[in-house]
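Have a look at the structure below before the remarks.
Protein chains in written order, with the numbering used here: chain A, 1 to 426; chain B, 1001 to 1426.
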């Protein structure tokens, strides 16, 4: 007679969720992995989709395909809309039907979305970058702005179309600003007749006193210098106070701009609400040292949507390596419980360092014991990111696109597609 | 004092329009190329985007980038909505503003859309394949059907989700059917737990007595055999008589099917209406021997939207080589007129043969003097299509995707993105 195996439900196929699934590969459990999308996304390179370097498929892999060999796993395409912690069920809406799924262990790795700090109406005028659709929409807006500038007969309208404002000076904002500046100064430069794309103004707005606040000060300065070399205007100690379809207001100055991109803040998924658990200001669930939720040793939260200070007092940052390490650790915790073994050693975050690139040649890298800047940081960044891409096909495809862009200064995915479909209305 | 140069307006950046632009490269004219999209699309491989082999950027190149070196050219992203043949102006709607553009010579290369033979309401239930957006929408529908089948608890619903009907047995229909059958039988086979993707039923419905009617009969038979070997059910002498969101009616039989794809017919762009010119049944402009419109020696129509019988009595087919040859010829005609030289020799279509593939190994090729079938036709097809891709980057990228699919049986662009965005409703 078949004995029913424990069910581990994992929500979210980002870095954290995938690592948890992998860590339970050889256990006698039934794993159910739920995600709203059919693909795992390599988010660190998503800004390159938004700026026409890469195609979505270069950095996204079908979840089913990633785990086609893992027989203790079922993948469900669906949206989690709640958790009943008493009945131990997860509520799923898969578009056609709603249903409940029973769990013995639950791992929530549901990530973050942009945060507009109470100004949610800004989302339409200043889109953020978290999904493939976000990236395609930003790419469309960016490329259309150059097209509209080329067609414009009014100089104020043309200038507004050639003004791109990026809000938020963290890694995403810095990388996006560098990539867009280079798009204008190099990739597009010969392709227009009435405008000179080099006239485009790229502004990076940061509320704090320096860009890349997670990096040492000398690297922040180096990044700022590299951005300015590409022509980016870096505005520190500046806040966005307003935004509409044709402009953004920075402090008291209204800047006409067709393209505004939001990279300023994130808020956690509603995991804390589902669980009725304590959360920090950004909505992250305050978890115990083993990522479990207080009073719920069977529920774990990992990745960007969890708030944890590790055994040696470090707060986990919202980056891919932290999510991966947490997912793997939770897999080990669950394994130990299933096997009746002692819990693994307390979680200790291994900081692999921080990297960011500025355009096609410059970069900064901080490993604590050493920090690098310039082309060497760019190359290191490139090699590391190729290495961490999920499959062989993506590695080849990204490498070739980079090599091609490096040699020709062009962008391989300069397509206007999606909602607006160029100027077509049909 | 600068003498005003003649203006050549070319509408449509498909194969015909591009060839005309190239043919006028070194003339003292001002060329204006207008297209609704920012990219030239290599349509013969579009079905591979729809079936998750390739990414859109693999087969699309930004028009501006293609011609960045051609200094007598201005590219305009806009939609043509009419022509005033008396005033010699083209009316353009570029989304923001409408305007008129003066021409001395006009070349219309505006192509075709699907034709539902008077049943335009079928477009929502049976989408056709002409643009990148069409391909992404079909890919989404196809992949979602397998997801819905996996989640379904009702066997009739599951069967409907696993039924894919392709309407039209020409090259597009045959290639699509083969590619989808192979997706189900090979690429997806290990990735589901509750369904066996091999159970998917792929039906190809053709109104005539055989598939690939443009090919010799023995190749039609070979294509049908190759399709059946992949499990495709080929229904000849069958007509679609109805279609709704969950089924298609073929003759008298109602077939529940989540995915129906229209590859049955095309109608020309409204060029004939704009010009108030004679058109054939499919709406193609009846042009004179040099592709000019009767009584308008300054207006030319080329490609799928023109109807012409050449000097030796052959009707031009609606294929890429015919459009290219026509575009190049019209460029020569305009050049001769500009230079006051004699008109070029009468146009004579050079038939380069017909090819189609069925899945990843089989194919048929007809060159008149020789016909091929099986793997050799597939390889030849592959080499020819790589050769004709517009730039080096596309050639590399398509080659690598094909090699990878060939070796692994997987598909590189298996993403559900777009309107439905997986099951997410946000």
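Glycine is no exception: its CB is placed at the ideal position from the N, C-alpha and C atoms. For clarity, every value in this text was computed on a predicted model and none was experimentally measured.
Residue i (DSSP reduced to helix, strand or coil)
i                       : result
residue 167 of chain A  : strand
residue 146 of chain A  : helix
residue 1397 of chain B : helix
residue 25 of chain A   : coil
residue 309 of chain A  : strand
residue 1031 of chain B : strand
residue 41 of chain A   : strand
residue 1329 of chain B : helix
residue 194 of chain A  : coil
residue 1321 of chain B : helix
residue 1052 of chain B : coil
residue 1283 of chain B : coil
residue 57 of chain A   : helix
According to DSSP, residues forming a beta bridge with residue i
i                       : result
residue 262 of chain A  : A:128 and A:167
residue 1355 of chain B : B:1365
residue 346 of chain A  : Answer is none; residue 346 of chain A lacks a bridge partner.
residue 1292 of chain B : B:1300
residue 1371 of chain B : B:1366
residue 1007 of chain B : B:1030
residue 1204 of chain B : B:1166 and B:1234
residue 1267 of chain B : B:1113
residue 1315 of chain B : B:1309
Under 8 Å between C-beta atoms of residue i and residue j
i                       : j                       : result
residue 1299 of chain B : residue 1162 of chain B : no
residue 1174 of chain B : residue 1223 of chain B : yes
residue 49 of chain A   : residue 318 of chain A  : no
residue 513 of chain A  : residue 382 of chain A  : Nothing about residue 513 of chain A can be read from this structure; chain A reaches only from 1 to 426.
residue 1204 of chain B : residue 1211 of chain B : yes
residue 1023 of chain B : residue 1332 of chain B : yes
residue 79 of chain A   : residue 92 of chain A   : yes
residue 291 of chain A  : residue 266 of chain A  : no
residue 255 of chain A  : residue 165 of chain A  : yes
residue 1262 of chain B : residue 1135 of chain B : no
residue 351 of chain A  : residue 368 of chain A  : yes
residue 52 of chain A   : residue 413 of chain A  : yes
residue 1032 of chain B : residue 1104 of chain B : no
residue 394 of chain A  : residue 360 of chain A  : no
residue 1219 of chain B : residue 56 of chain A   : no
residue 336 of chain A  : residue 108 of chain A  : no
residue 160 of chain A  : residue 257 of chain A  : yes
Neighbour flag for residue i against chain B, beta carbons, 8 Å
i                      : result
residue 8 of chain A   : no
residue 114 of chain A : no
residue 400 of chain A : yes
residue 94 of chain A  : yes
residue 192 of chain A : yes
residue 37 of chain A  : yes
residue 246 of chain A : no
residue 147 of chain A : yes
residue 266 of chain A : no
The ligand ZN heavy atom lying under 7 Å from the CB of residue i
i                      : result
residue 383 of chain A : Ligands are entirely absent from the displayed structure, and the ligand ZN is therefore not among its contents.
Interface flag, residue i vs chain A, CB-CB below 8 Å
i                       : result
residue 1151 of chain B : yes
residue 1413 of chain B : yes
residue 1416 of chain B : yes
residue 1396 of chain B : yes
residue 1065 of chain B : yes
residue 1132 of chain B : yes
residue 1141 of chain B : no
residue 1055 of chain B : yes
residue 1200 of chain B : no
residue 1050 of chain B : no
residue 1068 of chain B : yes
Below-8 Å beta-carbon distance, residue i vs any chain C residue
i                       : result
residue 1186 of chain B : The structure shown contains no chain C; the protein chains it does contain are A and B.
If we require 4 or more residues per run, which alpha helix (DSSP H) segments fall completely within the region 1207-1264 of chain B? 1217-1229
Tell me the start and end of each unbroken beta strand (DSSP E) in the region 67-137 of chain A that is at least 3 residues and wholly inside, in chain order. 73-77, 79-84, 89-93, 98-102, 105-108 and 112-114
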